[in-house]
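Q: What follows is a single structure, and I will ask about it in a moment.
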Amino acid sequence: MKQAIRALSLAAKILWVIVIIFSVTAVYSAANLRISFGEPETYLSEDSLTWSTPFFINNTGFYEIANLNITTHIKDLYDKTVSTSTTIVPTIPPSRSIQETHNITLNLKNLIGELSYLAFNDSVFNIHTFVALRFANVIPIQVLTNTTIPWGAPLYNFTIGEITLNHAEMRLTIPLSFENHAFFGFNGTIYIEAYNSENEQISATDVIIEVLPGSGFEDLVEMNVDVRKLTSEGHLRISLETSIFNVGPIIKSW
Amino acid sequence: MNNGTKWKTLFKKMIPKILKASLLVVILYFLLYCIPTFVMSSFIPSKYEPFIDIFAAITIFFTFITQLMSGTIFQYVFSATRALAFIIFFMQLLNSGIITENFEATFILIDLRVFFAMLIAIELLEFGKNIFEAINFLSEKVEAFQLPFL
């Protein structure tokens, strides 16, 4: 009996010592964890935008940090996911440091293709960042943070003005205007096709434009038309093409 | 032995026990209540403060009572009860052993269930040990009582 009591007593003491040492060293290790972020960089490629955020973790503690997972979901105003980016660091052993980069990629071509309202309307994106890790292999930790970033429409307030026909010169005049609120320049082509009431093409033209971020565009586009095919009613089909995205056709009747 | 001598003996035995128990209570009150409440209060989220109070109360009460009852069967009974009380307390914490906190737009979750499970395991060992000690104490008493007749 006494031996059993001694064994149980010893086991309990050993476990208490383990738990206390673990608690103290875990708190010490967590307090000595150094996390820093580098300067975020933005890259605009052919059709996508990438934000790169470098981060540095110096694990000066006694315990391993495992399964570090950083996931960023970008959602639009209607909670539709427009981008998901994940960075995984399998392990950060004790007394080691790591330097990684979390890249968030936004495919602008798909974005404006799927959510065409973003081409014409300013909006906001909600960025949900989820960080999960396993500290000392027994304590899972999760951090969730939400931020919003504004979205500027590249074709904000896109307006097709009053279409006028000059019979003498056989020319249609179309006033076009918009403001580029996006962070990237609008370098592309506006294709305009005119159709009569019988859906017969009576004219087509294209205009190459370059609108810097934060600038406006306002111009009168003139099109030579075949007066014989011209009818009192008809419509224009306007498409906008850039290296980043395509929009249209936008139909405007006269 | 007359009544006066009995009381004197009882006081002689009890006063050191009471003093020892009181001293332990003061030390534990300082360590388990004053330090977490007044010194580390900024590190402890307010919603977890009741748990610290309960932990301190259980520890202080059972330390006092077991010290007072030392040398009797009740020492082991109260020690076993303390272990059971801690098991129930840690199980309560285990249910909500996921600590969550909000800092403006940041939500933090720390899962301490494994840690609390380790504490429950220790308390189970303590409970078993106290039961064995109680049995051992009783058997020794019986042996001492029977010995003159053998």
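Keeping their order, the protein sequence lines are chains A and B.
Using my numbering, you'd call the opening residue of the first sequence number 2 and step up by one each time.
Using my numbering, you'd call the opening residue of the second sequence number 1436 and step up by one each time.
Every residue gets a Cβ at the ideal spot worked out from N, C-alpha and C, and that includes glycine.
Please read these numbers as outputs of a predicted model, since none were measured by experiment.
#1: For A/Glu47, which of A/Asn188, A/Thr165, A/Gly215 has the nearest alpha-carbon?
#2: If the cut-off is 7 Å on Cβ atoms, which residues from the region 1485-1513 of chain B count as contacting chain A, listed in chain order?
#3: Interface residues of chain B around A/Lys76 at Cβ under 7 Å?
#4: As a quick exercise: from A/Trp152, A/Thr102, A/His129, A/Val226, pick the residue whose alpha carbon is nearest that of A/Ile113.
#5: Are B/Leu1560 and B/Arg1548 closer than 8 Å when you measure CB to CB?
#6: Enumerate in chain order the residues of its own chain whose CB-to-CB distance from A/Asn41 is below 7 Å, with the five nearest sequence positions on each side excluded.
#7: Per DSSP, what kind of secondary structure is B/Phe1473 in: helix, strand or coil?
#8: Would you grab the beta carbon distance between A/Ala154 and A/Asn122 for me? Rounded to a whole angstrom, and I think it's under 8 Å.
#9: If we ignore side chains and look at the alpha-carbon of each, how far apart do B/Lys1447 and B/Gln1510 end up?
#10: Any heavy atom of the ligand ATP closer than 7 Å to the Cβ of B/Phe1525?
#11: Assess, as a yes-or-no matter, whether the region 100-109 of chain A is touched by the region 135-143 of chain A under the definition of 3 or more beta carbon pairs within less than 8 Å.
#12: What are the uninterrupted segments assigned as beta strand (DSSP E) that are 3 or more residues long and contained completely in the region 1486-1544 of chain B, given in chain order?
#13: In the structure shown, what three-state DSSP assignment does A/Val28 receive?
#14: I'd like the list of long-range same chain contacts for B/Ala1456, defined as Cβ closer than 6 Å, with 5 residues on each side in sequence excluded.
#15: Would you say A/Val222 and A/Val208 are within 8 Å of each other, going by their C-beta atoms?
#16: Considering only their Cβ atoms, is the gap separating B/Ala1540 from A/Asn127 smaller than 8 Å?
#17: Quick one: what does DSSP say A/Ala195 is sitting in, helix, strand or coil?
#18: Would you be able to state if there are at least three C-beta pairs under 8 Å between the region 1561-1568 of chain B and the region 1524-1538 of chain B?
#19: Which same chain residues end up closer than 8 Å to B/Ile1493 when comparing Cβ atoms and leaving out the 5 residues on each side of it in sequence?
#20: In the DSSP assignment, find the unbroken alpha helix (DSSP H) run with A/Arg35 in it and report its ends.
#21: Mapping the DSSP letters down to three states, classify B/Thr1444 as helix, strand or coil.
#22: Looking at chain B, which residues of the region 140-158 of chain A have a Cβ within less than 7 Å of any of its Cβ atoms?
#23: Would you call the region 235-247 of chain A and the region 1465-1476 of chain B in contact, with 3 or more CB pairs under 8 Å?
#24: Tell me, which residues are paired with A/Val208 by DSSP?
#25: Please return the same chain residues whose Cβ sits closer than 6 Å to the Cβ of A/Phe63, not counting the five positions on each side in sequence.
#26: List, in order along the chain, the chain B residues whose C-beta lies closer than 9 Å to that of A/Val20?
#27: Identify each residue in the region 213-229 of chain A for which the Cβ-Cβ distance to at least one residue of chain B is less than 7 Å, and report them in chain order.
A: Let's see:
#1: A/Asn188
#2: none
#3: Near A/Lys76 there are no residues of chain B at all, since even the closest Cβ is about 15 Å away, more than 7 Å.
#4: A/Trp152
#5: no
#6: With the sequence shown as reference, residue 41 of chain A is identified as Pro, and Asn is not the correct amino acid for it. If we look at A/Pro41 and ignore the five residues flanking it on each side, its Cβ neighbours are Trp52, Ser53, Thr54.
#7: helix
#8: Between A/Ala154 and A/Asn122 a beta carbon distance of about 5 Å is seen, short of the 8 Å cut, so the two are scored as contacting.
#9: 19 Å
#10: This structure lacks the ligand ATP, and indeed carries no ligand of any kind.
#11: no
#12: Look at the region 1486-1544 of chain B and you find these whole runs of beta strand (DSSP E), each 3 residues long or longer: 1533-1538.
#13: helix
#14: Phe1499, Gln1502, Leu1503
#15: Contact: yes.
#16: no
#17: strand
#18: no
#19: Arg1517, Ala1520, Phe1521, Phe1524
#20: Element bounds for A/Arg35: not the alpha helix (DSSP H) but the beta strand (DSSP E), 34-38.
#21: Three-state DSSP puts B/Thr1444 in a helix.
#22: Answer set for the region 140-158 of chain A: Ile140, Pro141, Ile142, Gln143, Val144, Leu145, Thr146, Asn147, Thr148.
#23: Because the criterion of three Cβ pairs below 8 Å is not met, the region 235-247 of chain A and the region 1465-1476 of chain B do not touch.
#24: A/Ile191
#25: Excluding sequence neighbours, A/Phe63 sits near Thr26, Ser30, Pro95.
#26: Phe1550, Met1553, Leu1554, Ile1557
#27: none
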